[in-house]
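Protein chains in written order, with the numbering used here: chain A, 33 to 434; chain B, 33 to 434.
1. Beta-carbon separation of residue 171/B and residue 161/B under 8 angstroms?
2. Please tell me whether residue 400/A has its Cβ less than 8 angstroms away from any Cβ of chain B.
3. Below 8 angstroms between beta carbons: does that hold for residue 402/A and residue 86/B?
4. Can at least three beta-carbon pairs, one atom from the segment 172 to 190 of chain A and one from the segment 75 to 82 of chain A, be found at a separation below 8 angstroms?
5. May I ask you to list the residues that DSSP assigns as paired with residue 428/B?
6. Could you spell out where the beta strand (DSSP E) holding residue 333/A opens and where it closes?
7. Who are residue 225/A's beta bridge partners in DSSP?
8. Is residue 63/A close to the ligand NAP? I mean its beta-carbon at under 7 angstroms from any heavy atom of the ligand.
9. Below 9 angstroms on C-beta distance, what does residue 110/A contact in chain B?
10. So, with DSSP's three-state summary, where would you put residue 96/A?
11. Can you check which of these residues, 404/B, 243/B, 396/B, is closest to residue 411/B by C-alpha distance?
12. By DSSP's criteria, residue 316/A is part of a beta bridge. Which residues make up the other side?
13. What does the alpha-carbon distance come out to for the pair residue 21/A and residue 429/A?
14. Could you please tell me which residues of the segment 80 to 109 of chain B, in chain order, have their CB closer than 7 angstroms to any CB of chain A?
15. DSSP three-state call for residue 420/A: helix, strand or coil?
16. Give, in chain order, every unbroken run of the beta strand (DSSP E) that is at least 3 residues long and sits entirely within the segment 142 to 173 of chain B.
17. Does any C-beta atom of chain A lie closer than 8 angstroms to the C-beta of residue 237/B?
18. Which word fits residue 101/B, buried or exposed, when buried means at least 16 other C-beta atoms lie within 10 angstroms of its C-beta?
19. According to DSSP, is residue 338/B helix, strand or coil?
20. Taking residue 223/B and residue 236/B to be in contact with their CB atoms under 8 angstroms, please state how far apart those CB atoms are, rounded to whole angstroms.
21. Could you name the residues of the segment 213 to 228 of chain B whose beta carbon sits closer than 8 angstroms to any beta carbon of chain A, in the order they occur along the chain?
22. Under 8 angstroms between C-beta atoms, does residue 425/B make it to chain A?
23. Going by DSSP, which residues form a beta bridge with residue 355/B?
24. Would you mind reading off the limits of the beta strand (DSSP E) that contains residue 111/A?
25. For chain A, find out if any of its Cβ atoms is closer than 8 angstroms to the Cβ of residue 281/B; answer yes or no.
26. Could you tell me the distance, in whole angstroms, from the CA atom of residue 62/B to the CA atom of residue 227/A?
27. Using a Cβ-Cβ distance cut-off of 8 angstroms, determine whether residue 72/A contacts chain B.
28. Following the continuous beta strand (DSSP E) through residue 406/B, name the residue where it begins and the one where it ends.
29. Could you check whether the segment 65 to 79 of chain B touches the segment 119 to 134 of chain B, counting it as contact only if at least three pairs of C-beta atoms, one from each stretch, sit closer than 8 angstroms?
30. For residue 370/B, is the classification buried or exposed, using 16 other Cβ atoms within 10 angstroms of its Cβ as the cut-off for buried?
31. Could you give the distance in angstroms between the alpha-carbon of residue 325/B and the alpha-carbon of residue 383/A?
32. Are any of the Cβ atoms in chain B nearer than 8 angstroms to that of residue 291/A?
Okay, here's the thing in structure tokens:
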């Protein structure tokens with residue numbers, strides 16, 4: 033198999049267009065925080081559902097207050113009171129003022145609210161308005177916030193607290209969301225033992241399986257760990273076939289570099305109907321990545337090094353779980369130290385964020401690329417584009433928080 | 033009760049020092065993604081646990097290759113092979129080279145690895161080394177990544193996939209974490225009906241209760257909804273007492289502005305042992321906030337407007353659930369439009385992030401402050417400090433993503 037590297041965006045596109053859509057389920061909005069919408073949501077109701085006051089004060093006809101001043105107030109008759117949560121139960125006539133609280137329903141006939149601070153009691157049921165009110169002042173009209181029928185949240189959106197609030201306000205109580213994708217995770221490598229085992233000399237613990245499972249969970253998926261397997265084709269093929277059968281997506285890690293062993297690729301390619309979409313990304317770290325589709329499901333062979341595996345997860349896997357990530361604008365940050373990169377690939381560098389002279393500065397984390405301790409020290413990733421040959425200290429570069 | 037406003041940081045501090053510590057539980061690392069560590073974690077084992085090669089090639093004594101070149105190679109005897117996951121099972125002697133894969137265990141006696149690209153097979157069991165290897169070249173020594181005993185993750189850290197990976201690598205299989213805090217959520221207001229109800233004229237759906245419950249969940253807590261109650265002191269006091277009894281923290285929303293009704297404050301203050309720490313924050317939006325401690329548990333009276341309630345949640349409540357948030361460095365962004373603010377309070381503005389001329393620009397979202405639809409359009413919040421009177425378009429300001 034030819035080792036041709038593919039740009040990250042092209043790899044993403046090639047995979048996305050071949051994937052089966054995830055099953056949809058309908059759930060109560062109260063259980064939908066963090067879930068991904070399976071359809072655009074149209075507001076069933078206007079918000080607010082009635083004309084409201086935005087201040088404590090008096091509902092009036094603005095025309096009745098024109099020219100009012102402290103020296104020459106407009107005297108109005110207090111003819112009613114709006115109670116919180118109640119209907120005014122009457123019409124406001126010319127020359128009248130109705131007491132109204134913030135959020136109270138504006139009586140018919142009123143078109144403005146005078147703040148309580150701009151009014152003086154001037155006798156039994158008489159108020160003196162000391163300033164003119166403009167029409168619509170301190171009033172929100174029915175539908176001003178959300179008009180019934182408009183789209184208030186888009187398909188693919190992962191619901192944050194503020195969307196849950198907005199949907200509640202519009203009267204949405206159930207939503208259709210994508211089922212949480214079940215993602216199988218398999219570690220491969222003759223040197224690997226499970227994280228719970230005591231490694232013999234020469235053996236190491238499988239770091240990628242628990243780290244990728246945690247990444248799946250943080251992205252709203254349901255990880256299923258299929259364990260750590262040795263580099264033996266029949267064993268790997270069996271476990272992979274089982275994982276593809278039971279899951280919506282499968283992540284293998286380790287064993288994907290071109291060398292003596294490209295068992296991952298062989299095992300993936302051997303599955304009935306497997307289509308290998310790319311083998312090798314124009315990406316550092318993360319070049320030795322395999323991407324395939326089997327039965328409409330994504331199967332990834334991720335690099336063995338945890339830093340590379342987590343980066344490829346972030347760039348290729350996570351956007352499949354949280355599609356709106358692709359729309360996000362990269363943050364921009366000043367680089368604390370010059371970096372070199374090779375044109376023809378995207379380069380990512382782990383950074384710490386520090387404040388320097390009122391600006392945010394990304395300090396690349398030094399250390400050999402194979403180290404694991406540096407991963408946990410990073411606040412984010414800086415990207416140098418596929419054309420770049422590097423970036424100078426002080427230059428503005430793209431930043432992704434991790 | 034005097035309405036004195038308190039700075040956000042002071043309010044946070046005053047509350048934090050009076051709170052009871054959350055119960056601790058020990059769980060498997062595989063279940064700990066997103067949980068908050070209850071103690072510093074010291075690495076039980078060195079990582080790596082043995083000297084390793086970082087390249088495919090030949091383990092050698094560097095001294096045996098000094099002066100080697102393409103014209104005058106160093107000829108070494110291939111005396112062994114290290115298998116992936118195995119122990120070398122022998123000592124590398126002077127004049128010897130052992131085949132070794134990336135990640136293989138370095139044989140005793142070797143102090144460098146020559147990459148396979150810099151070696152030629154020169155006969156049966158003889159290799160010609162074409163370049164000198166420096167001592168320690170392509171080698172990672174035991175403990176170079178993590179030394180046993182060092183702190184690899186701090187108390188209060190919310191575990192990300194990379195920490196799960198690092199802890200796995202060190203042999204940590206169980207961790208002591210804070211129990212997920214149970215947070216009671218109560219909506220108050222005569223005008224409110226639950227989000228599921230059809231509001232009568234003058235009534236509105238309770239937006240804060242579902243939005244705050246979602247925010248609790250997104251911060252790693254367990255929300256318990258106690259429902260939406262009318263502004264009646266005995267009712268509110270009863271439900272509040274029950275919530276404080278059953279939960280680790282309680283959030284009320286609505287009813288906390290100084291006006292005719294400060295029932296929230298009365299209800300909170302009426303609980304046995306309640307200590308009201310502040311009533312009013314030097315914050316916009318979010319001024320009418322009550323903070324109290326009852327029996328070592330935080331009780332908040334949040335503002336009624338969803339935007340204000342979610343902001344106070346972000347600034348005061350969330351850091352109690354995810355303490356490391358207080359250590360984060362604010363991002364910095366250029367302002368797309370000038371903003372006015374009043375000195376003596378922190379001002380927050382909802383913004384959309386857009387790219388302009390290679391820089392990230394925060395565009396304040398316009399619209400009346402009472403609107404809900406604008407909440408869901410925001411990517412982040414821009415902060416103007418307590419001394420600021422505003423910020424000009426193009427100025428760098430603090431940004432928090434939401």
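Where is the CB? At the ideal position from N, CA and C, for every residue including glycine. Since the model is a prediction, treat every value here as computed from it, not as a measurement.
Concretely, from the data shown:
1. no
2. yes
3. yes
4. yes
5. 366/B
6. 329 to 334
7. 237/A
8. Absence of the ligand NAP from the depicted structure is noted, as is the absence of any ligand whatsoever, leaving it without description.
9. Correct list: empty, because the minimum Cβ distance to chain B is about 16 angstroms.
10. helix
11. 396/B
12. 379/A
13. Only positions 33 to 434 of chain A appear in the structure, and residue 21/A is not among them; the question remains open.
14. 80, 81, 82, 86, 88
15. coil
16. 144 to 147, 151 to 155, 158 to 161
17. yes
18. exposed
19. helix
20. 6 angstroms
21. 221, 222, 223, 224, 227, 228
22. no
23. Paired residue(s): none; residue 355/B is not in a bridge.
24. 106 to 113
25. no
26. 9 angstroms
27. no
28. Segment 405 to 409 is the alpha helix (DSSP H) holding residue 406/B; no beta strand (DSSP E) there.
29. no
30. exposed
31. 39 angstroms
32. For residue 291/A, the predicted structure reports a pLDDT of 47, less than 50, and the residue's modelled location is therefore unreliable. A value from the coordinates is still provided. Cβ-Cβ to chain B under 8 angstroms: yes for residue 291/A.
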